[in-house]
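Take a look at the structure below.
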Amino acid sequence: MFRKKVYILLLVVILTLPSSISLSRDIQQLTLSDCISMAMETNVSIIKARDNIRVAEAGKRQSLSTFYPSIQFSSQYSRTNANTTFISGAGTVVSSPARQSGLATFIIKQRIFDSFRTWNNYKLSEAQLQNAEYALKEAAKDLALAVARNYFQLSEAKHLVELTEVLLNQANKHFEQTNANYQAGISPKSDIYSAQVNVTQAKVNLLEAQNNLNIQKANLRKLIGLERSDLFEITDEKLELNYKAELQEGINKALQDRPELNEMMAQIEAQNRQIDLLTLNVMPQLTIDLGLNLDAYRDPSLSENAYTVSANFTLPLFDGFSSKAKIDAAEANMNSLQAQERDMKRSISLEVETDYYKLETAFAKIELTSQQVEEAKKNLDVSEGRYKVGVAPFQEVLDAQVTYNRSMVELIASRYAYQIALFTFKTAIGEELYEKI
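Quick note: the sequence shown uses our numbering, first residue 23, plus one each step.
Take a look at the structure:
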């Protein structure tokens, strides 16, 4: 009977061991850089922005096509065995034998000049492509910052779970100490009830921390494009406490590198080109085209090669003020874009300044909360020692414990608030948090 139980136990271990090994191998260990890269591959806004670039590139290639000649080739071959007869001028009947014919034709056309319309169309498509590229960078900037925030919130939640587990262990020790003091006759029974309430509250705090951890993990999982069945853990990022931020330098960098501002400038350039094209409609227009026709017959005597040069001059006289209205509307749009650009520069400067002071505050809070933790820990140790020898009430221990718990939570929160503030400031000044998109 004993051997049978041993065999069953070994069988269970053997059957469960591979699955546990496989499970551990399936857990991905992700850094912040990994999470940002994964989000760049799966996020809908990034995919859409990339497709918009491809559309703009196709438009640019299409505008370039008018700079090149158009070439056409056609061929024809015919053969007939039908005999035809006709009467010659001498009055005799002439019979024509079966015949065949072939023709190959090359047609080359090239526009030489069109009053710079093609050039302006090309510059318009170039500005539209730049606009699409900066739009992608803006989407990548926003996504990278969102991933960083979720990443640090998850890391904070993970450390809060670890903290609440430690605090639950401390609450259990306090319960044991109150019970020992009660048994020794140096503490009232009410201390046991208070300690039990403290243990229950610590369990509630642990449950809330664990659920918050699951929520933060689910948020990050969705953001980086993982399925619910995909298992992952994140690694701790080192605090960049030596980062040196300069306010005016940061503002200057932001006004140069922020993608949304460059996107706005590309829109203004595109609108300029649109106005130029509309202006051409009311200007005299000269178009010059060159054509070349090459024929290759089976019978060389039938070949007719030719070239053509054509010029077309158009002078618009009156179109019911339609072109003028279009130009006025385009110029109004231009004024609106320029006003938006000025407002965006002011908003970016304000954003950098605000994030700069938030970063300074977050950095200072780390040092202050660290001091609070040290002081609260000393106070807790003293209170526990006093209660242990029966010279202090248990309420003093509870108050000291609450103060210590709060200071520890604030220390963890301040560390990750600093990380989020740092990455927010980096984003505000135009630094790229991603390696490639």
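Don't be surprised by glycine CBs; every beta carbon is placed ideally from N, CA and C.
Check                                                                                                                                                                                       : Outcome
When you compare the CB positions of L269 and L277, do they come within less than 8 Å of one another, or not?                                                                               : no
Which of the three DSSP states, helix, strand or coil, is assigned to E364?                                                                                                                 : Checking the sequence shown, residue 364 turns out to be Arg, not Glu. Three-state result, R364: helix.
Return the bridge partner residues of N315 from the DSSP annotation.                                                                                                                        : I129, A328
Since F22 is in the beta strand (DSSP E), which residue starts that stretch and which ends it?                                                                                              : Given a span of 23 to 459 for the chain in the structure shown, any question on residue 22 remains unanswerable.
Is it buried or exposed, A154, if we count other Cβ atoms within 10 angstroms and call 16 or more buried?                                                                                   : buried
Report buried or exposed for P306, applying the criterion of at least 16 other Cβ atoms within 10 angstroms of its Cβ.                                                                      : exposed
Going by DSSP, name the residue or residues bridged to A333.                                                                                                                                : I310
Using C-beta distances below 6 Å, list every residue in its chain close to Y329, excluding the 5 sequence neighbours before and after it, in chain order.                                   : L314
Per DSSP, what kind of secondary structure is F135 in: helix, strand or coil?                                                                                                               : strand
For A422, collect the residues of the same chain with a Cβ closer than 6 Å to its Cβ; drop the 5 residues on either side in sequence, then sort them by chain order.                        : N401, L402, S405
Based on Cα-Cα distance, which residue from S59, R243, S147 lies nearest to A86?                                                                                                            : According to the sequence shown, residue 86 is Leu rather than Ala. When each option's Cα is compared against that of L86, the closest is S147.
Between the C-alpha atoms of M62 and I68, what's the straight-line distance to the nearest angstrom?                                                                                        : 6 Å
According to DSSP, is S212 part of a helix, a strand, or is it coil?                                                                                                                        : helix
Would you mind reading off the limits of the beta strand (DSSP E) that contains L433?                                                                                                       : Segment 416-450 is the alpha helix (DSSP H) holding L433; no beta strand (DSSP E) there.
Please give me, in chain order, every unbroken run of the alpha helix (DSSP H) with length at least 4 that falls completely inside the region 248-303.                                      : 269-279, 281-302
Comparing alpha-carbon positions, which option in Y456, A170, L444 lies nearest L263?                                                                                                       : L444
Could you check how far apart the C-beta atoms of D213 and T200 are, in whole angstroms? I think they sit under 8 Å.                                                                        : 4 Å
Could you give the distance in angstroms between the alpha-carbon of K410 and the alpha-carbon of Q238?                                                                                     : 40 Å
Mapping DSSP to helix, strand and coil, what is I49?                                                                                                                                        : coil
Excluding five sequence neighbours on each side, which residues of the same chain lie with their C-beta closer than 7 Å to the C-beta of P281?                                              : Y156, K159, E160, K163
Does the Cβ-Cβ distance between K387 and S436 come in under 8 Å?                                                                                                                            : yes
Might you give, ordered along the chain, the residues of its own chain that have their beta carbon closer than 8 Å to the beta carbon of K82, omitting 5 neighbours on each side?           : Y144, S147, E148, Q150, L151
Output needed for N227: all residues of its chain with C-beta closer than 6 Å, excluding positions within five of it in sequence on either side, in chain order.                            : T186
Are the CB atoms of E79 and Y438 within a distance shorter than 8 Å?                                                                                                                        : no
Are the CB atoms of N220 and L420 within a distance shorter than 8 Å?                                                                                                                       : yes
Just to confirm, are L242 and Y173 a CB contact at a threshold of 8 Å?                                                                                                                      : yes
For K448, does the count of other Cβ atoms within 10 angstroms reach 16, so buried, or fall short, so exposed?                                                                              : buried
Would DSSP call I93 helix, strand or coil?                                                                                                                                                  : strand
Just mark L390 as buried or exposed, buried being the case when its beta carbon has 16 or more other beta carbons within 10 Å.                                                              : exposed
Please go through the same chain and pick out, in chain order, the residues whose beta-carbon is closer than 8 Å to the beta-carbon of Q394, but skip the five residues on each side of it. : S429, E432, L433
Distance check for K458 and V285, CA to CA, integer angstroms please.                                                                                                                       : Checking the sequence, you will find Glu at residue 285 rather than Val. Roughly 18 Å separates the two Cα atoms.
Which class does F24 belong to by DSSP, given the choice of helix, strand or coil?                                                                                                          : Residue placement at F24 is poorly supported in this model, since its pLDDT is 43, which falls under 50; the coordinates are not used for a value here.
Could you check whether L52 and E259 sit closer than 8 Å to each other, using their CB atoms as the reference points?                                                                       : no
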